[in-house]
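In the UniProt record's numbering, the protein residues as written are 1 to 271. Idealized CB from N, CA, C, for every residue including glycine. All values reported here derive from a predicted model rather than from experimental measurement. First the structure, in the form of structure tokens, and then the observations on it.
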């Protein structure tokens, strides 16, 4: 071991952890399926560090995310599927192939032309892999994406055909319509399936609204979560200071504390 490790060191460490002769029992028990949730979680940890502009933490979280790639590559190596070098080669080759305007002599008139070419290149790649041809404008949207992200990509692809509201106003109208439909289902005593459908419609329209606003839906939700957590923890602190814990107060008293916290933040200029 040295004071400054290289990528080769990381690969060796992962191989050692997975060595049946003296490796880590937990690491040895894992497979692609059990590690996949950690991979997704680490990607969100990276996004969180960026939101907080915590650059030392970003460095650490990127390391955690890199470890996930190394972990999957090591398991693939053990099965004789591929190695880490193959992963690096594949993404390098893809980036060169998908950027002919950088690594070749192709020129695009604008960003939209570049995006169209990008989609065309991806379609060619799918055909080369022998995937069944899908002529739909929605082709190529992965089912492995978080559903909000999949909704956004489906909307973006549909928009390229002209199936798009011209501005946010009709999206807001549609949101109000969908919320009323949820309200009606509650009033009618609808079953979970019906409510799931209607609430799903609300969520889909919310993603569309964020897209029209140029807002990243995931980041907006992360900020809302952080705001709620900050305010709730402050409520707990105020309740404890007054000698009556939050869980011993009724909802009306809790809402008074919530509003007090909001007034504090307004005076302090917090969003």
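Residue environment, residue i, which counts as buried when at least 16 other CB atoms sit within 10 Å
i           : result
residue 207 : buried
residue 131 : exposed
residue 198 : buried
residue 81  : exposed
residue 186 : exposed
residue 7   : exposed
residue 103 : exposed
Spatial neighbours of residue i in its chain, beta-carbon cut-off 7 Å, leaving aside the 5 residues before and after
i           : result
residue 121 : 97 and 98
residue 160 : 137
residue 141 : 150, 153, 154 and 157
Spatial neighbours of residue i in its chain, beta-carbon cut-off 8 Å, leaving aside the 5 residues before and after
i           : result
residue 127 : 133
residue 264 : 234
residue 108 : 101, 114 and 117
residue 78  : 18
Other residues of its chain near residue i: CB distance less than 6 Å, five sequence neighbours each side excluded
i           : result
residue 157 : 137 and 138
residue 148 : 207 and 217
residue 162 : none
residue 181 : 198
C-beta contact flag for residue i and residue j at 8 Å
i           : j           : result
residue 17  : residue 27  : yes
residue 238 : residue 220 : no
residue 95  : residue 31  : no
residue 202 : residue 178 : yes
residue 43  : residue 66  : no
residue 155 : residue 217 : no
residue 236 : residue 251 : no
residue 54  : residue 222 : no
residue 50  : residue 62  : no
Minimum Cβ-Cβ distance from residue i to chain B less than 8 Å
i           : result
residue 138 : In the structure shown, chain B does not exist; there is a single protein chain.
Among the options, nearest to residue i - alpha-carbon criterion
i           : options              : result
residue 46  : 36, 93, 113 and 60   : 60
residue 13  : 254, 265, 105 and 73 : 73
residue 166 : 212, 143 and 196     : 212
residue 37  : 227, 85, 270 and 144 : 144
residue 90  : 125, 62 and 80       : 125
residue 135 : 92, 66, 107 and 123  : 123
residue 69  : 21, 189, 35 and 202  : 35
residue 231 : 258, 241 and 54      : 258
residue 39  : 24, 71 and 22        : 71
residue 262 : 229, 241 and 9       : 229
Given 8 Å as the limit, is there contact between the stretch 197-215 and the stretch 171-184, that is, 3 or more CB pairs closer than that? yes
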